[in-house]
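Since the structure comes first, as C-alpha coordinates, the remarks are kept for the end.
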Amino acid sequence: MRQRGRHRRRRRGRVLRAALAGTGLALTAAATLISTSQATIAVDPGALKPLTSSTELDRLRLTEQPVPQRSLDRLAAAMGQPVGVTEVLDSADRRLRTEDQCSAEEKKALPIEPAATRAYCWDTADATTRHWQPKSVTTSGDADTDGRWGAHRVILSGWSYDAGDGRGLARVAFVNADDPDNLTYTWALLVVPVDGGRDYRGLVSRVSGMVWYRNKLLVTTSGAERDALYVYDLHRIQRATVDSKAVGRVPGGWSAHGYRWVLPAVASYRPADGDCVEPSGRGGAERSAPPCPDGLSLDRSSAPETLVASRAAPAADGNGRTLLWRYSLSRDPARPGLLATDSSGTAAAHEAYESRASGVRGVLSHRTHPLSPPDWYLGRPADEGTRGILLRQDRRGAKTIACGPEGTHHCWGDGTGSLSYWQETGEIWSLSGRMLFALPLSSVDREMR
(Lines of atoms letter the chains of each structure in order from A and count residues from 1; the text may use other names and numbers.)
(Lines give C-alpha, C1' and ligand atoms only; values in the text may rest on other atoms or scores of the structure.)
Protein backbone atom coordinates (compact mmCIF):
# COMPACT_ATOMS: atom_id res chain seq x y z
CA MET A 1 0.00 0.00 0.00
CA ARG A 2 2.79 2.43 0.85
CA GLN A 3 4.59 1.59 -2.43
CA ARG A 4 1.45 2.30 -4.49
CA GLY A 5 0.94 5.51 -2.45
CA ARG A 6 4.45 6.68 -3.30
CA HIS A 7 3.86 6.02 -7.01
CA ARG A 8 0.62 8.00 -6.91
CA ARG A 9 2.35 10.90 -5.16
CA ARG A 10 5.15 10.90 -7.75
CA ARG A 11 2.59 10.94 -10.57
CA ARG A 12 0.71 13.81 -8.90
CA GLY A 13 4.00 15.71 -8.48
CA ARG A 14 4.90 15.20 -12.17
CA VAL A 15 1.44 16.28 -13.27
CA LEU A 16 1.62 19.39 -11.12
CA ARG A 17 5.07 20.32 -12.40
CA ALA A 18 4.00 19.68 -15.99
CA ALA A 19 0.93 21.84 -15.49
CA LEU A 20 3.07 24.66 -14.15
CA ALA A 21 5.51 24.33 -17.02
CA GLY A 22 2.71 24.12 -19.58
CA THR A 23 1.07 27.27 -18.29
CA GLY A 24 4.16 29.44 -18.24
CA LEU A 25 2.41 32.27 -20.08
CA ALA A 26 -0.49 32.21 -17.63
CA LEU A 27 1.91 32.16 -14.71
CA THR A 28 3.80 35.10 -16.16
CA ALA A 29 0.57 36.99 -16.68
CA ALA A 30 -0.52 36.21 -13.14
CA ALA A 31 2.83 37.45 -11.87
CA THR A 32 2.21 40.86 -13.39
CA LEU A 33 -0.89 41.16 -11.21
CA ILE A 34 1.17 40.80 -8.05
CA SER A 35 1.87 44.10 -6.35
CA THR A 36 5.17 45.81 -6.96
CA SER A 37 6.16 45.01 -3.38
CA GLN A 38 6.37 41.42 -4.61
CA ALA A 39 9.38 42.38 -6.70
CA THR A 40 11.57 43.00 -3.67
CA ILE A 41 13.23 39.62 -4.13
CA ALA A 42 16.59 41.35 -4.59
CA VAL A 43 16.57 42.50 -0.96
CA ASP A 44 19.37 40.46 0.57
CA PRO A 45 19.75 39.96 4.34
CA GLY A 46 23.39 39.00 3.73
CA ALA A 47 25.39 36.69 5.94
CA LEU A 48 24.58 35.53 9.45
CA LYS A 49 26.41 37.39 12.19
CA PRO A 50 27.72 35.07 14.94
CA LEU A 51 26.91 36.13 18.50
CA THR A 52 29.77 35.14 20.76
CA SER A 53 29.85 37.47 23.76
CA SER A 54 28.76 36.11 27.12
CA THR A 55 26.30 39.00 27.47
CA GLU A 56 24.54 38.04 24.24
CA LEU A 57 24.48 34.32 25.04
CA ASP A 58 23.42 34.78 28.67
CA ARG A 59 20.17 36.41 27.50
CA LEU A 60 19.20 33.06 25.95
CA ARG A 61 19.59 30.93 29.09
CA LEU A 62 16.49 29.07 30.26
CA THR A 63 15.72 27.63 33.69
CA GLU A 64 13.86 24.32 33.83
CA GLN A 65 10.76 24.21 36.05
CA PRO A 66 9.37 20.69 36.42
CA VAL A 67 5.77 20.21 37.46
CA PRO A 68 6.04 18.30 40.78
CA GLN A 69 5.63 14.57 40.30
CA ARG A 70 3.10 14.59 43.14
CA SER A 71 0.88 16.98 41.17
CA LEU A 72 1.04 14.85 38.03
CA ASP A 73 0.27 11.70 39.98
CA ARG A 74 -2.66 13.37 41.74
CA LEU A 75 -4.12 14.50 38.42
CA ALA A 76 -3.68 11.05 36.86
CA ALA A 77 -5.30 9.39 39.88
CA ALA A 78 -8.32 11.67 39.52
CA MET A 79 -8.64 11.47 35.72
CA GLY A 80 -7.74 7.82 35.21
CA GLN A 81 -4.82 5.91 33.74
CA PRO A 82 -2.89 8.01 31.16
CA VAL A 83 -2.74 6.75 27.57
CA GLY A 84 -0.22 7.07 24.76
CA VAL A 85 -0.20 8.23 21.15
CA THR A 86 -1.48 4.95 19.68
CA GLU A 87 -4.73 5.05 21.65
CA VAL A 88 -5.30 8.66 20.59
CA LEU A 89 -4.72 7.75 16.92
CA ASP A 90 -7.14 4.85 17.22
CA SER A 91 -9.85 7.34 18.21
CA ALA A 92 -9.36 9.52 15.10
CA ASP A 93 -12.74 10.93 14.06
CA ARG A 94 -11.73 13.37 11.32
CA ARG A 95 -10.04 13.08 7.94
CA LEU A 96 -7.65 15.32 6.05
CA ARG A 97 -8.75 15.88 2.47
CA THR A 98 -6.19 15.11 -0.24
CA GLU A 99 -5.08 17.89 -2.57
CA ASP A 100 -7.54 16.97 -5.32
CA GLN A 101 -10.36 17.34 -2.78
CA CYS A 102 -9.27 20.81 -1.62
CA SER A 103 -10.82 23.93 -3.11
CA ALA A 104 -8.96 26.21 -5.50
CA GLU A 105 -9.09 28.91 -2.83
CA GLU A 106 -7.42 26.62 -0.27
CA LYS A 107 -4.69 25.60 -2.73
CA LYS A 108 -3.77 29.22 -3.48
CA ALA A 109 -1.74 29.17 -0.25
CA LEU A 110 0.62 26.44 -1.49
CA PRO A 111 4.13 27.24 -2.77
CA ILE A 112 4.36 27.96 -6.49
CA GLU A 113 7.87 26.61 -6.89
CA PRO A 114 9.00 24.09 -5.85
CA ALA A 115 5.57 22.48 -5.93
CA ALA A 116 4.38 20.48 -2.94
CA THR A 117 4.64 16.74 -3.56
CA ARG A 118 2.06 16.08 -0.85
CA ALA A 119 -0.69 18.46 0.21
CA TYR A 120 -3.77 18.16 2.40
CA CYS A 121 -6.52 20.36 3.76
CA TRP A 122 -8.34 19.79 7.00
CA ASP A 123 -11.81 18.45 7.66
CA THR A 124 -14.33 21.03 6.48
CA ALA A 125 -15.37 22.00 10.01
CA ASP A 126 -11.75 22.75 10.95
CA ALA A 127 -10.93 24.36 7.61
CA THR A 128 -13.70 26.94 8.01
CA THR A 129 -13.49 27.76 11.73
CA ARG A 130 -12.87 31.46 12.36
CA HIS A 131 -11.16 31.40 15.74
CA TRP A 132 -8.75 28.47 15.44
CA GLN A 133 -5.62 28.90 13.29
CA PRO A 134 -2.93 26.30 12.42
CA LYS A 135 0.45 27.52 13.67
CA SER A 136 3.05 24.75 13.88
CA VAL A 137 3.98 21.25 12.77
CA THR A 138 6.27 18.43 13.91
CA THR A 139 6.37 14.72 13.04
CA SER A 140 7.46 11.30 14.24
CA GLY A 141 10.51 12.01 12.06
CA ASP A 142 11.55 14.35 14.89
CA ALA A 143 10.51 11.90 17.59
CA ASP A 144 12.61 8.92 16.50
CA THR A 145 15.34 8.16 13.98
CA ASP A 146 13.25 5.56 12.11
CA GLY A 147 10.53 8.14 11.47
CA ARG A 148 7.88 6.20 13.36
CA TRP A 149 6.29 6.25 16.78
CA GLY A 150 5.86 2.58 17.49
CA ALA A 151 4.27 1.20 14.34
CA HIS A 152 2.88 4.55 13.15
CA ARG A 153 3.95 7.53 11.10
CA VAL A 154 2.50 10.53 12.88
CA ILE A 155 2.14 14.26 12.26
CA LEU A 156 1.33 16.73 15.05
CA SER A 157 -0.02 20.17 14.23
CA GLY A 158 -0.42 22.92 16.81
CA TRP A 159 -3.40 25.29 16.52
CA SER A 160 -4.12 28.46 18.48
CA TYR A 161 -7.47 29.94 19.49
CA ASP A 162 -8.17 33.65 19.53
CA ALA A 163 -11.65 34.79 20.53
CA GLY A 164 -10.68 38.43 20.04
CA ASP A 165 -10.97 39.22 23.75
CA GLY A 166 -7.47 38.34 24.88
CA ARG A 167 -8.36 34.79 25.88
CA GLY A 168 -6.64 31.94 24.12
CA LEU A 169 -6.27 28.16 23.99
CA ALA A 170 -3.98 25.73 22.21
CA ARG A 171 -4.77 22.33 20.73
CA VAL A 172 -2.84 19.66 18.85
CA ALA A 173 -4.02 17.56 15.93
CA PHE A 174 -2.76 13.96 16.20
CA VAL A 175 -2.59 12.78 12.58
CA ASN A 176 -2.23 9.13 11.58
CA ALA A 177 -0.06 9.35 8.45
CA ASP A 178 0.41 5.61 7.81
CA ASP A 179 -1.56 5.79 4.55
CA PRO A 180 -0.61 8.92 2.55
CA ASP A 181 -3.99 8.81 0.77
CA ASN A 182 -6.02 8.56 3.97
CA LEU A 183 -4.76 10.78 6.81
CA THR A 184 -7.04 10.75 9.84
CA TYR A 185 -6.78 12.81 13.01
CA THR A 186 -8.28 13.88 16.33
CA TRP A 187 -7.64 16.69 18.82
CA ALA A 188 -6.00 17.04 22.23
CA LEU A 189 -6.11 20.23 24.33
CA LEU A 190 -2.86 21.57 25.84
CA VAL A 191 -3.31 22.38 29.53
CA VAL A 192 -1.27 23.30 32.62
CA PRO A 193 -1.85 21.58 36.01
CA VAL A 194 -2.85 23.94 38.84
CA ASP A 195 -3.70 23.65 42.54
CA GLY A 196 -1.20 20.86 43.10
CA GLY A 197 -2.72 18.69 40.36
CA ARG A 198 -6.30 19.01 41.59
CA ASP A 199 -7.26 20.90 38.44
CA TYR A 200 -5.86 22.28 35.17
CA ARG A 201 -6.20 25.40 33.04
CA GLY A 202 -5.83 25.87 29.31
CA LEU A 203 -2.49 26.95 27.87
CA VAL A 204 -3.10 30.61 27.04
CA SER A 205 -0.70 30.96 24.17
CA ARG A 206 0.02 30.90 20.46
CA VAL A 207 1.95 27.70 19.66
CA SER A 208 3.95 29.11 16.76
CA GLY A 209 6.73 26.54 17.23
CA MET A 210 6.64 22.87 18.18
CA VAL A 211 9.09 19.95 18.39
CA TRP A 212 8.40 16.30 19.24
CA TYR A 213 11.60 14.71 20.54
CA ARG A 214 11.49 11.24 22.09
CA ASN A 215 8.43 11.21 24.34
CA LYS A 216 8.31 14.98 24.86
CA LEU A 217 6.48 17.70 22.96
CA LEU A 218 8.02 21.17 23.39
CA VAL A 219 5.96 24.19 22.35
CA THR A 220 6.62 27.92 22.23
CA THR A 221 4.48 30.28 24.29
CA SER A 222 3.54 33.93 24.04
CA GLY A 223 1.07 36.49 25.30
CA ALA A 224 -0.13 35.85 28.84
CA GLU A 225 2.37 33.04 29.53
CA ARG A 226 5.64 34.13 31.17
CA ASP A 227 7.48 30.95 30.23
CA ALA A 228 9.44 30.50 27.01
CA LEU A 229 8.58 26.83 26.42
CA TYR A 230 6.14 24.29 27.81
CA VAL A 231 6.87 20.56 27.82
CA TYR A 232 4.30 17.76 27.41
CA ASP A 233 4.80 14.02 27.94
CA LEU A 234 3.19 11.91 25.21
CA HIS A 235 2.98 8.98 27.62
CA ARG A 236 0.74 11.12 29.87
CA ILE A 237 -2.28 11.89 27.70
CA GLN A 238 -5.49 12.00 29.75
CA ARG A 239 -9.11 11.40 28.73
CA ALA A 240 -11.74 14.11 29.23
CA THR A 241 -15.00 12.74 30.64
CA VAL A 242 -17.42 15.67 30.19
CA ASP A 243 -18.25 17.22 26.82
CA SER A 244 -18.53 20.96 27.46
CA LYS A 245 -16.78 24.22 26.56
CA ALA A 246 -15.31 24.47 30.06
CA VAL A 247 -11.65 23.65 30.72
CA GLY A 248 -10.74 21.78 33.88
CA ARG A 249 -12.63 20.06 36.67
CA VAL A 250 -16.42 20.37 36.33
CA PRO A 251 -19.39 18.70 38.02
CA GLY A 252 -19.30 15.08 36.94
CA GLY A 253 -15.68 14.93 35.81
CA TRP A 254 -13.21 16.71 33.54
CA SER A 255 -13.78 18.92 30.50
CA ALA A 256 -11.44 20.02 27.70
CA HIS A 257 -13.36 22.59 25.63
CA GLY A 258 -15.26 19.78 23.92
CA TYR A 259 -12.21 17.64 23.06
CA ARG A 260 -11.71 14.03 24.04
CA TRP A 261 -8.05 14.22 25.05
CA VAL A 262 -5.99 16.40 27.40
CA LEU A 263 -2.22 16.92 27.47
CA PRO A 264 -1.07 18.26 30.89
CA ALA A 265 2.29 20.06 30.95
CA VAL A 266 5.07 18.25 32.83
CA ALA A 267 7.60 21.11 32.80
CA SER A 268 8.34 24.56 31.44
CA TYR A 269 11.40 26.67 30.67
CA ARG A 270 11.53 30.28 31.80
CA PRO A 271 14.21 32.87 30.93
CA ALA A 272 16.93 32.76 33.59
CA ASP A 273 16.91 36.56 33.80
CA GLY A 274 13.48 38.16 33.51
CA ASP A 275 10.33 37.41 31.51
CA CYS A 276 9.64 36.88 27.84
CA VAL A 277 9.26 40.05 25.78
CA GLU A 278 7.38 40.78 22.58
CA PRO A 279 9.70 42.01 19.79
CA SER A 280 9.33 45.70 18.95
CA GLY A 281 12.31 46.17 16.68
CA ARG A 282 13.23 49.38 18.47
CA GLY A 283 16.35 48.03 20.18
CA GLY A 284 17.24 49.43 23.60
CA ALA A 285 15.34 47.58 26.31
CA GLU A 286 14.51 44.75 23.93
CA ARG A 287 18.18 44.02 23.34
CA SER A 288 18.83 43.73 27.06
CA ALA A 289 15.71 41.66 27.82
CA PRO A 290 15.60 37.89 27.35
CA PRO A 291 14.07 36.93 23.99
CA CYS A 292 11.79 33.89 23.87
CA PRO A 293 11.45 31.65 20.81
CA ASP A 294 8.61 31.98 18.34
CA GLY A 295 10.12 29.46 15.92
CA LEU A 296 11.27 25.96 16.89
CA SER A 297 12.59 22.84 15.16
CA LEU A 298 14.85 19.84 15.69
CA ASP A 299 18.26 19.48 14.06
CA ARG A 300 19.06 15.78 13.74
CA SER A 301 22.10 16.55 11.57
CA SER A 302 23.98 17.95 14.58
CA ALA A 303 25.83 15.66 16.96
CA PRO A 304 24.14 15.24 19.32
CA GLU A 305 20.71 16.47 18.21
CA THR A 306 19.86 20.06 19.11
CA LEU A 307 16.76 22.17 19.59
CA VAL A 308 16.82 25.12 17.18
CA ALA A 309 15.03 28.37 18.05
CA SER A 310 14.36 31.74 16.46
CA ARG A 311 12.98 35.09 17.59
CA ALA A 312 11.94 37.55 14.90
CA ALA A 313 11.51 41.27 14.68
CA PRO A 314 8.25 42.37 13.01
CA ALA A 315 8.21 42.15 9.20
CA ALA A 316 7.28 45.85 8.96
CA ASP A 317 10.47 46.89 10.72
CA GLY A 318 13.25 47.20 8.15
CA ASN A 319 15.85 47.58 10.91
CA GLY A 320 14.71 44.52 12.84
CA ARG A 321 16.87 41.51 13.51
CA THR A 322 16.05 37.84 13.87
CA LEU A 323 17.91 35.85 16.50
CA LEU A 324 18.80 32.20 15.75
CA TRP A 325 20.21 29.86 18.36
CA ARG A 326 20.31 26.28 19.59
CA TYR A 327 20.23 24.25 22.81
CA SER A 328 21.70 20.81 23.43
CA LEU A 329 19.20 18.09 24.31
CA SER A 330 19.81 15.93 27.34
CA ARG A 331 21.59 12.61 26.86
CA ASP A 332 20.60 11.42 30.33
CA PRO A 333 18.33 8.35 29.95
CA ALA A 334 16.36 9.60 32.96
CA ARG A 335 15.62 12.91 31.17
CA PRO A 336 14.41 11.95 27.68
CA GLY A 337 13.32 14.84 25.50
CA LEU A 338 14.44 17.60 27.90
CA LEU A 339 17.13 20.22 27.43
CA ALA A 340 20.62 19.64 28.75
CA THR A 341 20.99 21.67 31.96
CA ASP A 342 23.68 22.40 34.51
CA SER A 343 23.48 21.63 38.24
CA SER A 344 21.19 24.64 38.76
CA GLY A 345 18.73 23.45 36.11
CA THR A 346 19.76 26.08 33.55
CA ALA A 347 20.05 25.39 29.81
CA ALA A 348 22.58 27.50 27.90
CA ALA A 349 22.61 28.32 24.19
CA HIS A 350 25.86 27.13 22.68
CA GLU A 351 25.52 28.72 19.23
CA ALA A 352 23.71 31.90 18.23
CA TYR A 353 23.44 34.20 15.22
CA GLU A 354 21.77 37.41 14.19
CA SER A 355 20.02 37.67 10.82
CA ARG A 356 18.91 40.87 9.11
CA ALA A 357 15.80 39.03 7.85
CA SER A 358 12.63 40.25 9.56
CA GLY A 359 9.21 38.67 10.05
CA VAL A 360 10.65 35.15 10.33
CA ARG A 361 8.32 32.52 11.84
CA GLY A 362 9.79 29.20 10.74
CA VAL A 363 13.35 28.04 11.37
CA LEU A 364 15.27 24.95 10.31
CA SER A 365 18.94 24.07 10.59
CA HIS A 366 20.50 21.24 8.58
CA ARG A 367 23.99 20.05 7.69
CA THR A 368 24.52 18.31 4.36
CA HIS A 369 27.74 16.79 5.75
CA PRO A 370 28.68 16.14 9.41
CA LEU A 371 31.77 18.35 9.10
CA SER A 372 30.14 21.16 7.14
CA PRO A 373 28.60 24.26 8.77
CA PRO A 374 24.80 24.21 9.00
CA ASP A 375 22.47 25.91 6.57
CA TRP A 376 19.68 27.89 8.23
CA TYR A 377 16.30 27.92 6.49
CA LEU A 378 14.02 30.80 7.49
CA GLY A 379 10.32 30.94 6.61
CA ARG A 380 8.45 34.23 6.54
CA PRO A 381 4.65 34.45 6.11
CA ALA A 382 3.14 36.53 3.35
CA ASP A 383 2.47 40.24 3.78
CA GLU A 384 -0.60 41.80 2.23
CA GLY A 385 -0.32 41.55 -1.55
CA THR A 386 2.75 39.26 -1.47
CA ARG A 387 3.62 35.61 -1.08
CA GLY A 388 5.72 34.08 1.67
CA ILE A 389 9.51 33.90 1.61
CA LEU A 390 11.88 31.00 2.25
CA LEU A 391 15.54 31.92 2.78
CA ARG A 392 18.64 29.80 3.18
CA GLN A 393 21.29 31.67 5.11
CA ASP A 394 24.74 30.95 6.50
CA ARG A 395 27.87 32.85 7.49
CA ARG A 396 28.68 33.54 3.83
CA GLY A 397 25.40 34.93 2.56
CA ALA A 398 21.76 34.21 1.76
CA LYS A 399 19.66 32.76 -1.04
CA THR A 400 15.92 32.61 -1.57
CA ILE A 401 13.33 30.78 -3.65
CA ALA A 402 12.11 32.88 -6.56
CA CYS A 403 10.03 32.47 -9.70
CA GLY A 404 8.26 34.60 -12.30
CA PRO A 405 9.99 36.70 -14.97
CA GLU A 406 13.73 36.45 -14.34
CA GLY A 407 13.12 35.26 -10.80
CA THR A 408 11.63 38.51 -9.56
CA HIS A 409 8.86 37.15 -7.34
CA HIS A 410 8.56 35.36 -4.02
CA CYS A 411 7.14 31.89 -4.51
CA TRP A 412 6.88 30.25 -1.10
CA GLY A 413 3.58 29.49 0.63
CA ASP A 414 1.40 32.14 2.20
CA GLY A 415 1.17 30.60 5.65
CA THR A 416 2.80 30.53 9.05
CA GLY A 417 6.29 29.56 7.92
CA SER A 418 6.61 26.74 10.48
CA LEU A 419 9.17 24.17 9.22
CA SER A 420 9.92 20.57 10.20
CA TYR A 421 12.40 18.19 8.52
CA TRP A 422 11.57 14.47 8.32
CA GLN A 423 15.03 12.98 8.04
CA GLU A 424 13.90 9.49 7.02
CA THR A 425 12.07 10.78 3.92
CA GLY A 426 14.13 13.92 3.24
CA GLU A 427 10.98 16.07 3.30
CA ILE A 428 10.18 19.48 4.77
CA TRP A 429 6.71 19.69 6.28
CA SER A 430 5.00 23.05 6.67
CA LEU A 431 1.64 24.81 6.94
CA SER A 432 0.26 27.44 4.61
CA GLY A 433 -3.20 28.89 5.03
CA ARG A 434 -5.29 25.83 5.92
CA MET A 435 -3.02 23.52 3.90
CA LEU A 436 -0.59 20.97 5.34
CA PHE A 437 2.10 20.10 2.79
CA ALA A 438 5.47 18.45 2.23
CA LEU A 439 8.21 18.64 -0.37
CA PRO A 440 11.79 17.35 -0.60
CA LEU A 441 14.49 19.52 0.94
CA SER A 442 16.54 18.77 -2.18
CA SER A 443 13.91 20.51 -4.36
CA VAL A 444 14.11 23.57 -2.12
CA ASP A 445 17.89 23.69 -2.51
CA ARG A 446 17.60 23.39 -6.31
CA GLU A 447 15.31 26.43 -6.46
CA MET A 448 17.52 28.68 -4.31
CA ARG A 449 18.86 31.67 -6.28
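Take the sequence shown: its letters are residues -42 to -1, 1 to 407, numbered as in mature numbering (1 follows the signal peptide of the UniProt record, and there is no 0).
Built from N, CA and C at the ideal position, the CB exists for glycine as well.
In this text the structure is predicted, and so the values were computed from the model without any measurement.
Of the residues assessed, S302 falls on the exposed side of the cut-off, its CB having fewer than 16 other CB atoms within 10 angstroms. Residue pairing of I347 in beta bridges, as defined by DSSP: R338.
In this structure the stretch 334 to 343 does not lie against the stretch 36 to 53, because fewer than three pairs of beta carbons, one per stretch, are closer than 8 Å. By a beta-carbon distance limit of 8 Å, R279 contacts E312. Their separation comes to about 5 Å. S118 places its beta carbon less than 8 Å from that of V165. Bridge pairing for M37: absent [DSSP]. D58 sits in a helix when the DSSP states are folded into three classes.
Secondary structure at S180: coil, using DSSP grouped into helix, strand and coil.
Annotated three-state conformation of K65 is helix, per DSSP. Under the rule that a run must span 3 or more residues, the beta strand (DSSP E) segments found entirely inside the stretch 173 to 233 read 174 to 178, 187 to 191, 205 to 208, 211 to 214, 219 to 229.
For G373, the three-state secondary structure derived from DSSP is coil. Counting the other CB atoms within 10 Å of its CB gives S61 a total below 16, which places it among the exposed residues. Cβ-Cβ distances below 7 Å link T56 to Y78, D139 in the same chain, with the five nearest sequence neighbours on each side left out; the list follows chain order. For G99, the enclosing alpha helix (DSSP H) begins and ends at 98 to 101. In the structure shown, L297 adopts extended strand secondary structure according to DSSP, grouped into three states. Inter-residue distance for G105 and T299 is about 27 Å (C-alpha atoms, whole angstroms).
Annotation: A85 is outside any beta strand (DSSP E); the continuous alpha helix (DSSP H) that includes it extends over 82 to 85. Taking L176 as the centre and dropping the five residues before and after it, the same chain places the C-beta of V169, L187, V189 closer than 6 Å to its C-beta, in chain order. G154 counts as exposed, since fewer than 16 other beta carbons sit within 10 angstroms of its beta carbon. DSSP links D403 through a beta bridge to no other residue. Segment contact: the stretch 252 to 262 against the stretch 62 to 82, fewer than three CB-CB distances shorter than 8 Å; contact not assigned. Linking R293 to V224 through their CA atoms gives a straight-line distance of about 12 Å. Straight-line spacing of the CA atoms in P248 and R269 works out to 10 Å.
Look at L9 here: in three-state DSSP terms it is coil, with no helix or strand label. For the pair W219 and G206, the Cα-to-Cα distance works out to about 12 Å.
Linking D84 to G253 through their CA atoms gives a straight-line distance of about 23 Å.
Taking 8 Å as the cut-off, the Cβ atoms of L282 and W334 count as close.
Residue state for V162 is assigned as coil, using DSSP reduced to three classes.
E405 is positioned such that its CB atom lies closer than 8 Å to that of E71.
Between the C-alpha atoms of T21 and L141 there is a straight-line separation of about 38 Å. R197 places its beta carbon 8 Å or farther from that of M393.
If you compare the alpha carbons of H324, L349, L287 with that of G384, the shortest gap goes to H324.
Going by DSSP, V43 is part of the alpha helix (DSSP H) stretching over 43 to 48. Taking 8 Å as the cut-off, the Cβ atoms of D120 and R184 do not count as close. L30 places its beta carbon 8 Å or farther from that of R228. For G253, the enclosing beta strand (DSSP E) covers residues 253 to 257.
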